[in-house]
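In the UniProt record's numbering, the protein residues as written are 1 to 288.
Built from N, CA and C at the ideal position, the CB exists for glycine as well.
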C-alpha cells in the first residue's frame, strides 16, 4: 500500500506534471477528482480532470502485471463508469513501476466476445530519466527509469531533492522517493542517501505511519479473534475427549491445543468413534 499511497499523493499534489508528461498539455487549470466511483465502491489510483481539454486523465499504478480481477478488465470498468459520470474524453494510462518480464506488462487492451478496449501502457524501466529529473512531481519516479548506473541516478535524485528550498516539499518528495526506490534498491543504500530525520518530519510520512499503525492494530484484532476462537474450540474438544476417554496425557493435550480450527472441528466429529486414547493418538498422527 505504501507504493500506492506515494503514487496517489504525487498525482494529486502535482497533477500538472503528470498532464505535461502524459498528455503534452501545459496547463494549471486542473481539478483532482475524488476516486470513489459509483454505483459500487471501486477506487482508481488517481483520476485527474483537465478542464481546458475537457478530458479525464486516469492513472493506474501497478507494481505487478497481474491482479484479480485482471487490470485490463478494471480499465474497461473504470472507463465505463467515468464515461457515464463525466461524459467527456478519457485518457487511461497504466504505469508499471517495477521491472517485469511477463508479457502481461505489455498488454494494452481488454478483449471479450464483442468488446475491445484500449489504453496506454508505460513501463518506467524503459523511460528516459531526463523528463522526470526536471519535474518535481515526477522526480520520485526517476530512480525507476532507464539508467546505465541506477545507483548514480538515485544519488542524483537525492542531491536534487536536498537542494529544494521549500522544507515541506523537500520532506514529502524524500519520503515518496524513498518508498518508490525500495522497488529497485537496497534499503541500506536508500537510507544512506536520504536523511531519515528529514523524512520523519514529512506530513505525508506521518499519514503513512498512522495508516500502518491502524492496519497493524486491525490485523492484531483479527489475529486475536482467530486465536480466541481456536482456543475456545480446543477447550470444548478436550472437554468432550475427557468425558469420553477419561484422563488425557498432558503431551496430547498440548498437541490438541496447536490444531487449527478446521482440524479441531474434524476431531470433534472423529472422537465419537474413539474407544481409547490410542485411537486419539493415531488420529493425531495422521494429521501431522
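Using only the alpha-carbon positions, how far apart do residue i and residue j sit?
i           : j           : result
residue 87  : residue 139 : 32 Å
residue 259 : residue 265 : 10 Å
residue 273 : residue 263 : 16 Å
residue 6   : residue 243 : 58 Å
residue 177 : residue 77  : 31 Å
residue 213 : residue 2   : Interpretation of residue 213 is limited by its pLDDT of 49, a score under 50 that renders its predicted location unreliable; the figure taken from the coordinates is listed afterwards. Using only the alpha carbons, I get a separation of about 13 Å.
residue 21  : residue 188 : 31 Å
residue 145 : residue 97  : 9 Å
residue 252 : residue 281 : 8 Å
residue 4   : residue 261 : 34 Å
residue 8   : residue 279 : 58 Å
Is there a Cβ of chain B sitting closer than 7 Å to that of residue i, yes or no?
i           : result
residue 123 : Looking at the structure shown, chain B is missing, and only one protein chain is on hand.
Bridge partners of residue i, per DSSP?
i           : result
residue 3   : Residue 3 is not bridged to any residue.
residue 89  : 55
residue 187 : Answer by DSSP bridge pairing: none, since residue 187 is not bridged.
residue 48  : 32 and 57
residue 240 : DSSP lists no partner for residue 240.
residue 109 : 118
residue 94  : 60 and 121
By Cβ distance, which residues of its chain are closer than 6 Å to residue i, with the 5 residues on each side in sequence left out?
i           : result
residue 277 : 245
Kindly indicate the opening and closing residues of the beta strand (DSSP E) around residue i.
i           : result
residue 120 : 120 to 123
Please say whether residue j and residue i have beta carbons closer to each other than 7 Å?
i           : j           : result
residue 133 : residue 142 : yes
residue 17  : residue 128 : no
residue 256 : residue 234 : yes
residue 71  : residue 110 : no
residue 125 : residue 99  : yes
residue 48  : residue 69  : no
residue 10  : residue 65  : no
residue 293 : residue 95  : Residue 293 lies beyond the stretch modelled for the chain, which goes from 1 to 288, so this question has no answer here.
residue 59  : residue 93  : yes
residue 194 : residue 166 : no
Taking residue i as part of the alpha helix (DSSP H), name the residues at either end of that continuous run.
i           : result
residue 282 : 277 to 287
residue 154 : 150 to 162
residue 100 : Here residue 100 belongs to no alpha helix (DSSP H), and DSSP marks it neither H nor E.
residue 182 : Looking at the DSSP string, residue 182 is not in any alpha helix (DSSP H), and its letter there is neither H nor E.
residue 267 : 261 to 270
residue 291 : A question about residue 291 goes unanswered here, because the residues of the chain that appear run from 1 up to 288.
residue 130 : 130 to 133
residue 20  : 15 to 22
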